[in-house]
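**Student:** Following this message is one structure expressed as structure tokens.
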Amino acid sequence: NQSIVNRLMLTWGVNPIAAKKPGSLEELIDLAVSAAKQRGMVKDGDIVAISAGVKTGTPGSTNLLQVQKIGADN
Numbered sequence: 059n060q061s062i063v064n065r066l067m068l069t070w071g072v073n074p075i076a077a078k079k080p081g082s083l084e085e086l087i088d089l090a091v092s093a094a095k096q097r098g099m100v101k102d103g104d105i106v107a108i109s110a111g112v113k114t115g116t117p118g119s120t121n122l123l124q125v126q127k128i129g130a131d132n
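Per my numbering: the sequence shown = residues 59 to 132.
Right under this line is the structure:
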């Protein structure tokens, strides 16, 4: 939703990227990592923290924090 992207752009430290709606949490994480790699925000070997909500699409449902090492497979 472009309206949400525009609002998030005003938040310090947030780099919003509009993308298609994922079918699963794994797809959401894969899309986010791929987008960050394409934009040069992360590279292989970097360690990142990913926060998300297992109930995707539900505001306020952030209940997952995953630490992941970026590799060639993602």
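Every residue, glycine too, gets a C-beta built ideally from N, C-alpha and C.
#1: Would you say A107 and L83 are within 8 Å of each other, going by their C-beta atoms?
#2: Judging by CA-CA distance, which residue of K95, K127, S61 is the nearest neighbour of A152?
#3: Let me know the secondary structure DSSP gives K101 once reduced to three states.
#4: Does DSSP put A77 in a helix, a strand or coil?
#5: Alpha carbon to alpha carbon, how far is N59 from L68? Give it in angstroms, no decimals.
#6: When you compare only the Cα positions, how much space is there between R65 and E85?
#7: Look at the alpha carbon of D104 and the alpha carbon of I87, and state the distance between them as a whole number of angstroms.
**Tutor:** Taking the structure as given:
#1: no
#2: Beyond the ends of the chain as shown, which are 59 and 132, falls residue 152; an answer cannot be given.
#3: coil
#4: coil
#5: 15 Å
#6: 24 Å
#7: 15 Å
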